[in-house]
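**Q**
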Amino acid sequence: MKNLGRSDANNNLETLLDMDKTALHKKNGVPAEPRKMMAGHGLEFKNLSYSVMKKQKKDGVWITKEAYLLNDISGQAIRGEVMAIMGPSGAGKSTFLDAIAGRIARGSLQGSVRIDGKPVTTSYMKMISSYVMQDDQLFPMLTVFETFMFAAEVRLPPSVSRAEKKKRVHELLHQLGLTV
Ligand SMILES: Nc1ncnc2c1ncn2[C@@H]1O[C@H](COP(=O)(O)OP(=O)(O)OP(=O)(O)O)[C@@H](O)[C@H]1O
Ligand SMILES: [Mg+2]
């Protein structure tokens with residue numbers, strides 16, 4: 001398959017994410033040092049590329065063209081750090097999150113995602129992470145307690161009793177400072 005458009009139009013996100021490239025921010029007029037990659041630490045994503053076939057009209061004729069939504073994205077998130085993914089609408093932020101969360105079919109995604117140097121499987125990623133969808137998936141009529149209880153009911157195994165689930169939800173509400 002020909003990699004059409006891979007190096008031109010679809011390069012918004014990698015400009016923001018690729019930490020090998022010179023950092024854009026300057027302090028007192030001096031460009032900040034790009035952060036060094038620490039191989040084998042935290043979450044590492046390397047050379048992530050993902051394309052879809054898009055139909056578009058050219059000179060009145062419909063053609064199918066491969067469009068890269070992620071184009072050779074590399075970077076790292078170290079333990080204990082908060083990372084923000086920024087970019088204009090359509091830059092590929094959600095697509096990138098889908099890629100590292102294992103939500104893109106294997107085979108369609110090129111590149112690697114590792115945690116502490118080890119390649120991660122989709123099931124392992126789902127076990128150790130939480131993915132909050134961009135669109136509001138919460139029931140507006142439920143209280144925060146009920147929302148957490150609902151999540152506990154569907155996510156925790158049946159071997160965990162209702163009383164234990166309630167206890168965990170109360171602990172979580174307390175940790176988040178949502179109790180009165
Ligand atoms: N399955 C798909 N097929 C074709 N194009 C897609 C598909 N998924 C996403 N796109 C396109 O890829 C681009 C990136 O989409 P994405 O949803 O990742 O952007 P985003 O940065 O999260 O935007 P927003 O800030 O609006 O949420 C958009 O142009 C979108 O239309
Ligand atoms: Mg998005």
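Its first residue numbered 1, the sequence shown is counted upward by one per residue in UniProt numbering.
Just so you know, even glycine gets a beta-carbon here, dropped at the ideal spot from N, CA and C.
Given the structure is predicted, the values throughout are model-derived calculations rather than measurements.
Have a look at VAL52 and THR179 and give me their C-alpha separation to the nearest angstrom.
**A** Approximately 46 Å between the Cα atoms of the pair.
**Q** Take ILE100 as the anchor and find which of GLY87, GLY80, MET86 and TYR131 has the nearest alpha-carbon.
**A** It is TYR131.
**Q** Give me the DSSP bridge partner(s) of VAL52.
**A** DSSP lists ALA67 as partners of VAL52.
**Q** Quick check on this structure: which residue in LEU48, LEU97 and GLU66 has the alpha carbon closest to the alpha carbon of SER74?
**A** Minimum Cα distance to SER74 is reached at LEU48.
**Q** Straight-line CA distance for GLN110 to TYR50?
**A** So the two alpha carbons sit approximately 6 Å from each other.
**Q** Which runs of the alpha helix (DSSP H) spanning at least 4 residues fall entirely within the UniProt domain "ABC transporter" (70 to 178), listed in chain order?
**A** The UniProt domain "ABC transporter" (70 to 178) contains these whole alpha helix (DSSP H) runs: 93 to 100, 122 to 128, 144 to 155 and 162 to 175.
**Q** How would you label LYS118, buried or exposed, when you count the other beta carbons within 10 angstroms and need 16 or more for buried?
**A** LYS118 should be labelled exposed.
**Q** Is the segment 68 to 87 in contact with the segment 38 to 45, if contact means three or more CB pairs nearer than 8 Å?
**A** Contact holds: three or more Cβ-Cβ distances are below 8 Å.
**Q** Express the C-alpha separation of ILE63 and THR147 in angstroms, rounding to a whole number.
**A** So the two alpha carbons sit approximately 46 Å from each other.
**Q** Could you tell me which residues DSSP pairs with VAL61 in its beta bridges?
**A** Bridge partners of VAL61: LYS58.
**Q** For LYS46, which of helix, strand or coil comes out of DSSP?
**A** Strand, per DSSP.
**Q** Using a threshold of 7 Å, is the CB atom of GLN137 nearer than that to any non-hydrogen atom of ligand 2?
**A** Answer for GLN137: no, Cβ out of range of ligand 2.
**Q** Taking the alpha carbon of MET38 as the point to measure from, which residue in ALA105, ILE115, LYS93 and MET125 has its own alpha carbon closest?
**A** Of ALA105, ILE115, LYS93 and MET125, the residue nearest in Cα terms is ILE115.
**Q** Does DSSP classify VAL180 as helix, strand or coil?
**A** Coil, per DSSP.
**Q** Taking Cβ to Cβ, would you say LYS165 is nearer than 8 Å to LEU156?
**A** Closer than 8 Å, so yes.
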